[in-house]
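*Asks:*
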Amino acid sequence: ANGVPIYVSGGSSKTRGVTEADLEGKGAQFATPGQLVELTFAADRVLCY
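Numbering-wise (the working numbering), the sequence shown opens with residue 25 and increments by one.
1) Can you give me the C-alpha to C-alpha distance between alanine 48 and threonine 39, rounded to a whole angstrom?
2) Of all the alpha helix (DSSP H) runs that stay within the bounds of the region 27 to 54, which reach a length of 4 or more residues?
3) Below 8 Å on the Cβ atoms is my guess for alanine 55 versus serine 36; work out the distance and round it to an integer in Å.
4) So the alpha helix (DSSP H) valine 11 belongs to, where does it begin and stop?
5) Using 8 Å as the threshold, is the C-beta distance between glycine 58 and isoleucine 30 below it?
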């Protein structure tokens, strides 16, 4: 991810069968809803898909 941290919704991802192993080596990590809100307010730009 070119050094850009990627945060994914832990609950949504796990419901879809995404595991820690799926994120390994991709610069991504699970985050709680509270963490995602904090990150959104702290960021200059946010991409939601």
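Built from N, CA and C at the ideal position, the CB exists for glycine as well.
This structure is a prediction, so every number in the text was calculated from the model and none was measured.
*Replies:* Put simply:
1) A small correction: the amino acid at residue 48 is glutamate; alanine does not occupy that position in the sequence shown. If you take the alpha carbons of glutamate 48 and threonine 39, they lie about 18 Å apart.
2) 34 to 39 and 44 to 47
3) Not quite, the Cβ-Cβ distance comes to about 10 Å (not below 8 Å), so this is no contact.
4) What the structure shows of the chain is the stretch from 25 to 73, and residue 11 is not part of that stretch, so it cannot be assessed.
5) The Cβ atoms of glycine 58 and isoleucine 30 lie no closer than 8 Å to each other.
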